[in-house]
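To keep things clear, I will list the structure first and then write my remarks on it.
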Amino acid sequence: MKLSLEKIKEFNSSSAQIHQDELNHISGRLINDGFEVNELIKKIRGFQIAVPSWALGAGGTRFGRFGIGGEPRNLEEKLEDIGLLKSLTQKTDSVSLHIPWDIPSDYTAIKSLADELGISFDAMNSNTFQDYGQKESYKLGSLGNAKKLVRDQAVAHNIEVIEIGKKLGSKGLTVWLADGSNFPGQSSLRNALQWTQESLEEIYKSMPLDWKLLLEYKPYEPNFYHTIIPDWGTSSLLCKSLGDRAKVLVDLGHHLPNTNIEQIVATLMYQDMLAGFHFNDSKYGDDDLTTGSIKPYQLFLIFCELVSGSEDGAQAWESISWMIDASHNTKDPLEDLMQALEIISISYTKALLVDRKKLTNCQLEGDVVGAQECLQDAFQRDVRPLVREARLQNGGASDPILMYRKLAVRNHLIKDRGADSRSTGL
Ligand code: RM4
Ligand code: MN
Ligand code: MN
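For the sequence shown, my numbering assigns the number 41 to the initial residue and increments by one for each residue that follows.
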């Protein structure tokens, strides 16, 4: 299903006046406060976030899965769904693929469909956390497995993912390892780390020079005693040993409760070691809930570090990759992704509105209350008219979810693809 620009314009016309009033209101206030509104809108327009191919179907938990209907049955249909998201939100123009879930059967056809939809291929994800018919089992690990045969197979898989990505024009490989152990004594902690490092070295050597390696970390799950790469420190230690094209990927759900993620972001940027993000939200662990649904203030604080880190020249904004990594059981995944794209843009916009000069002065003068007020002034603003204006200028819908519902897009997808169509992935 495709949405024409005319249809979107027609939908937008009914709310044009209200939008203009709201935009005038906030613009007046911002100009008064010394902001360049057009500059802000330009930045918001340019900020695009990659969508993961595995978030387009109903997710599931280990207890059950509830289909949503009309799920994309193949890579072509996944691209079509992202095309829809792009038309409505103008907040995403790329997809992050997961191999073997998304191996293209016809590269030329996939490339031309992606071109037609204006979608490019973001970082590729390898998968050595499942068995899918390969020779050696990953039950006891992959890149850090005690058996060399398994490690070699896992390395070869990652190299194959690079080859697939090269054909699609991707420029990055994301590695997430489930490797670890469930019981003390099960594995040699030091050896497992060394094997992982050696395997990663092989993969790194096979990467084209204009590619980057994005290395995730996660404290627990699926292993519950130890995970080989449990935290950003271990990930950056490994990346440093590999070379400067290896950097740390921060998946917001991969932390123990109450971890100060914005500090991790600041520290990584300080060392030019931040590869990018997997956006999602969580209450307890790797819950993969909608970004910003539980801790919007934390998301804002993370963006404050990103904006200040790049403006201060610690790490270039352009060197950071932006991706969503979520998977749902109870929402229409397309609506969920629209919510995520919106809140990420809102958090970014609010971070742009922090009076950084004032904040620095408060910090230098030890004005604790003043510093907090600076952040609150930006966080409490309703920036939705700015984000909407950026979307409208890019050709998107004034209210993407409302338009999606008005057009009954999910029903159309169910009609086309069936009520029990099932997406590959999680
Ligand atoms: C993991 C991790 C990876 C993703 C898989 C599907 O928890 O976050 O990024 O590839 O899930
Ligand atoms: Mn992730
Ligand atoms: Mn995760």
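Just so you know, even glycine gets a beta-carbon here, dropped at the ideal spot from N, CA and C.
Requested in this report: Measure the C-alpha to C-alpha separation of Leu346 and Ser387 and round it to an integer number of angstroms.
Outcome: Working through the sequence shown from its first residue, we reach residue 346 at position 306. Working through the sequence shown from its first residue, we reach residue 387 at position 347. Spanning the two alpha carbons is a distance of roughly 11 Å.
**Report entry** Asp365 Cβ short of 7 Å to ligand 2 heavy atom set
**Finding:** As a first step, residue 365 must be located in the sequence shown, where it is residue number 325. Yes, since a heavy atom of ligand 2 falls inside the 7 Å radius drawn around the Cβ of Asp365.
Report task. Verify the contact flag: His59, CB atom, against every heavy atom of ligand 3, threshold strictly below 7 Å. Result -> Working through the sequence shown from its first residue, we reach residue 59 at position 19. No, the beta carbon of His59 sits no closer than 7 Å to any heavy atom of ligand 3.
Query raised in the report: Measuring CA to CA, which of Ile159, Ile364, Leu124 is closest to Leu43?
Result: The residue you call residue 43 lines up with position 3 of the sequence shown. Nearest C-alpha to Leu43: Leu124.
Query raised in the report: Cβ atoms of Asp219 and Lys258: under 8 Å apart, would you say?
Result: To locate residue 258, count along the sequence shown from 1; it is residue 218. To locate residue 219, count along the sequence shown from 1; it is residue 179. Contact: no.
Query raised in the report: Who are the Cβ neighbours of Asp376 in its own chain at under 6 Å, not counting the five residues just before and after it?
Result: Numbered from 1 along the sequence shown, position 336 holds the residue referred to as residue 376. Thr330, His368, listed in sequence order.
Query raised in the report: Cβ-heavy atom distance between Asp291 and ligand 1 below 7 Å?
Result: One-based indexing of the sequence shown puts residue 291 at position 251. Yes - ligand 1 has a heavy atom lying nearer than 7 Å to the Cβ of Asp291.
Report task. In the DSSP assignment, find the beta strand (DSSP E) that holds Val215 and state where it starts and stops. Result -> Position 175 of the sequence shown, counted from the start, is the residue given in the question as residue 215. Val215 -> beta strand (DSSP E) spans 212-215.
Query raised in the report: Quick one: is the Cβ of Leu393 within less than 7 Å of any heavy atom of ligand 1?
Result: In the sequence shown, the residue the question calls residue 393 occupies position 353. Checking every heavy atom of ligand 1 against the Cβ of Leu393, none is found closer than 7 Å.
**Report entry** Selection from Val135, Ser333, Ser166, Gly104 that minimises the alpha carbon distance to Lys151
**Finding:** Reading the sequence shown from its first residue, position 111 is the one you call residue 151. Looking at the Cα atoms, Val135 is the closest of the given residues.
Report task. Please indicate yes or no: does the CB of Glu256 lie closer than 7 Å to some heavy atom of ligand 2? Result -> Your numbering for residue 256 matches position 216 in the sequence shown. Indeed, a heavy atom of ligand 2 lies less than 7 Å from the Cβ.
Requested in this report: Give me whichever residues DSSP pairs with Thr267 in a beta bridge.
Outcome: In the sequence shown, the residue the question calls residue 267 occupies position 227. In the DSSP output, where bridge partners are listed per residue, Thr267 has Gly220.
Query raised in the report: What do you reckon, is the C-beta of Trp357 under 7 Å from a heavy atom of ligand 1?
Result: Walking along the sequence shown from the start, residue 357 turns up at place 317. Taking non-hydrogen atoms of ligand 1 into account, the C-beta of Trp357 is found less than 7 Å away from none of them.
Requested in this report: Work out the CA separation of Asp422 and Ile383 for me, nearest whole Å.
Outcome: Within the sequence shown, the letter at position 343 stands for residue 383. Within the sequence shown, the letter at position 382 stands for residue 422. For Ile383 and Asp422, the distance between alpha carbons rounds to 12 Å.
Query raised in the report: Any heavy atom of ligand 2 closer than 7 Å to the Cβ of His138?
Result: Within the sequence shown, residue 138 is the residue found at index 98, counting from 1. Flag unset: Cβ of His138 not near ligand 2.
Report task. Can you tell me which of Ile139, Ile199, Asp321, Phe169 puts its alpha carbon nearest to the alpha carbon of His295? Result -> Indexing the sequence shown from 1 puts residue 295 at position 255. Answer by Cα proximity: Asp321.
Report task. Rounded to whole angstroms, what's the CA-CA distance from Asn451 to Met41? Just pull it up for me. Result -> Along the sequence shown, read from residue 1 onward, the residue named residue 451 stands at position 411. Along the sequence shown, read from residue 1 onward, the residue named residue 41 stands at position 1. Their Cα atoms are separated by approximately 11 Å.
Query raised in the report: What are the start and end residues of each continuous alpha helix (DSSP H) run of 4 or more residues lying completely inside the stretch 284-360, in chain order?
Result: 301-310, 336-351
Requested in this report: Return the residue from the list Ser333, Asn298, Phe317 that minimises the CA-CA distance to Tyr324.
Outcome: For the purposes of this step, residue 324 is taken as residue 284 along the sequence shown, with counting starting at 1. Taking only the C-alpha atoms, the option nearest Tyr324 is Asn298.
Requested in this report: Quick one: grab the DSSP three-state call for Trp272.
Outcome: Here residue 272 refers to the residue found at position 232 when the sequence shown is read from its first residue. Helix, per DSSP.
Query - Nonlocal neighbours in the same chain, by C-beta distance under 6 Å from Ser227, ignoring five residues either side - result: Start at 1 with the first residue of the sequence shown, and residue 227 comes out as number 187. Ser221.
Query - Complete runs of the beta strand (DSSP E) confined to the stretch 81-159 [at least 3 residues] - result: 134-136
Query raised in the report: So is the beta-carbon of Leu466 under 7 Å away from any non-hydrogen atom of ligand 1?
Result: As a working note, residue 466 is residue 426 in the sequence shown. Yes - ligand 1 has a heavy atom lying nearer than 7 Å to the Cβ of Leu466.
Query raised in the report: Thinking C-alpha only, which one of Gly107, Asp395, Gly212 is nearest Ser359?
Result: Numbered from 1 along the sequence shown, position 319 holds the residue referred to as residue 359. Checked all of Gly107, Asp395, Gly212; the closest Cα to Ser359 is Gly212.
**Report entry** Start and end residues, alpha helix (DSSP H) containing Leu70
**Finding:** Within the sequence shown, the letter at position 30 stands for residue 70. Leu70 -> alpha helix (DSSP H) spans 56-72.
Query raised in the report: Cβ of Gln420 within 8 Å of Cβ of Ala411?
Result: In the sequence shown, the residue the question calls residue 420 occupies position 380. In the sequence shown, the residue the question calls residue 411 occupies position 371. Cβ distance not < 8 Å, so Gln420 and Ala411 don't count as in contact.
Query - alpha helix (DSSP H) segment containing Lys258, residue limits - result: As a working note, residue 258 is residue 218 in the sequence shown. From DSSP, Lys258 is part of no alpha helix (DSSP H); its letter is neither H nor E.
Query raised in the report: Residues in its own chain within less than 6 Å of Lys252 by CB, not counting five upstream and five downstream?
Result: As a position in the sequence shown, residue 252 is number 212, starting the count at 1. Gly212, Arg285, listed in sequence order.
Requested in this report: Specify whether the stretch 175-189 and the stretch 231-240 touch according to this definition: at least 3 beta carbon pairs, one from each stretch, less than 8 Å apart.
Outcome: yes
Report task. Going by CA-CA distance only, name the one from Pro425, Leu453, Gln355 that's closest to Pro494. Result -> With the chain covering only 41 through 466, there is no way to say anything about residue 494.
Query raised in the report: Straight-line CA distance for Gly104 to Gly97?
Result: For the purposes of this step, residue 104 is taken as residue 64 along the sequence shown, with counting starting at 1. For the purposes of this step, residue 97 is taken as residue 57 along the sequence shown, with counting starting at 1. Looking at the two C-alpha atoms, the distance is approximately 14 Å.
Requested in this report: Using 7 Å as the cut-off, classify the Cβ of Asp422 as near or not near the heavy atoms of ligand 3, replying yes or no.
Outcome: The residue given as residue 422 occupies position 382 in the sequence shown. No, the beta carbon of Asp422 sits no closer than 7 Å to any heavy atom of ligand 3.
Query - For Phe161, the three-state DSSP class (helix, strand or coil) - result: The residue labelled residue 161 in the question sits at position 121 within the sequence shown. The answer is strand: DSSP assigns Phe161 an E or B state.
Requested in this report: Check whether the Cβ of His294 sits closer than 7 Å to any heavy atom of ligand 3, and report yes or no.
Outcome: In the sequence shown, the residue the question calls residue 294 occupies position 254. Yes; taking the cut-off as 7 Å, the Cβ of His294 has a heavy atom of ligand 3 nearer than that.
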